[in-house]
Each structure stands twice: as C-alpha cells, then as structure tokens.
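Peer 1: Mind having a look at this structure? Questions to follow.
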Amino acid sequence: MTTRIAVVVGNPSPKSRTRQVAEDLAAKIAEVTGSEIDETIELAEVTDEIFEWKSDRLDKLTERLATADFAVIATPTYKASYTGLLKAFLDRYDADGLHGLTAIPVFTIGSPAHTLAVETTLRPLLVELGASVPTKGLAFPTAKFDDRSSVLDEWVESQKAYLPQHG
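Counting in my numbering, the sequence shown runs from 13 upward without gaps.
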C-alpha cells in the first residue's frame, strides 16, 4: 500500500516561496519514504470560506490532510508564530483529529531570531491535534531560497532516521 504526503501551505499569498519550499521538501521526503505526494492544499485559495463551518470544499481538504500518512505543514513566520490562516484551517480539527499523521512543521523565516518559533508554536499545535512530530521542525531562511535544494538536503539527511516507514 502506497503512503501519501499531504502539503499544506498557510501563506496568504498564493504561489509563495513558502509553497515552493514545502513542495520541494515533500519531494525529498517522498524519495526517502517511497510515498506519493498529494496535490498541495494552498490555503490562499480558500480564504473566502475559511470561517464557514459548513464548507464542502474545506471538508474535503481537511479529510485529505487527516487521511495522509505524512504532512508538510508550512507557513511564513508572522509575529514569531504561524499565520492566522493556518490556525483557522487547523481549528477545524478536533483534539485528536490528526491522529496517525506524521507531521513536519516548516516555517519560512526572515530572521534567525525566529528559528525556534517552529518548535515553540506549530509543533505543540500539531501534537495537540494528535499528530506525531518526530523530526525537528524546519526553520527555512528565505535568504537561502535560491540554495534551497542544499538546505533541504541537509535537513533530510539529519532527520530521515526519524521518518517512520508506513505501510
């Protein structure tokens, strides 16, 4: 049975550097785990519905994330935390709504001062929702965007032993 990687991007701007980093990381995780990558969940495309609790479109997106084996959850750093858009999406889950999911939290950061934000803000939220977060979160410096392949390779090399083999 093939495992699946979901990619969720909480940047309010579509087609962002955050999305590119998340998709590139998912591709590298797929190489390690043999997983297939699902279509990216770009939250910028659902801002008009994010607070509508009755939304078939958002129900389908939350189901895709909840039933994945792995997830790259990516956001730019806003005020030393994740975006409100990502929070509003994750608020749609009950306390154990992501049970069984192995999540990789990713922040794109503009300053080294935000390096720990991924660990102190997004990791606890994902754990609260029942996800397993066995790796270090990735605080990706946007200044290294053009060199992202080597930055991501370094992260994967240091963390791949913590990525469980599903199936």
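Ideal Cβ positions, reconstructed from N, Cα and C, are used throughout, including at glycine.
Keep in mind it's a predicted model, so treat the numbers as computed, not measured.
(1) For residue 87, which residues does DSSP report across the bridge?
(2) Within this structure, are the beta carbons of residue 142 and residue 96 separated by less than 8 Å?
(3) Between the alpha carbons of residue 157 and residue 84, how many angstroms are there, rounded?
(4) What are the boundary residues of the beta strand (DSSP E) that includes residue 19?
(5) Given a threshold of 16 other Cβ atoms within 10 Å of its Cβ, counted over all protein chains shown, does residue 170 qualify as buried or as exposed?
(6) How is residue 175 classed by DSSP in three states: helix, strand or coil?
(7) Leaving aside the five residues before and after residue 52 along the sequence, list all residues of the same chain whose C-beta is less than 7 Å from its C-beta, in chain order.
Peer 2: Result, derived from the coordinates:
(1) Paired residue(s): 119.
(2) One thing to note: residue 142 has its Cβ no nearer than 8 Å to the Cβ of residue 96.
(3) Each residue's alpha carbon lies about 17 Å from the other.
(4) It spans 16-21 - the beta strand (DSSP E) in which residue 19 sits, taken as one unbroken run.
(5) It is exposed - the Cβ of residue 170 has fewer than 16 other Cβ atoms within 10 Å.
(6) Secondary structure of residue 175 (DSSP, three-state): coil.
(7) Correct list, in chain order: 19, 21, 31 and 35.
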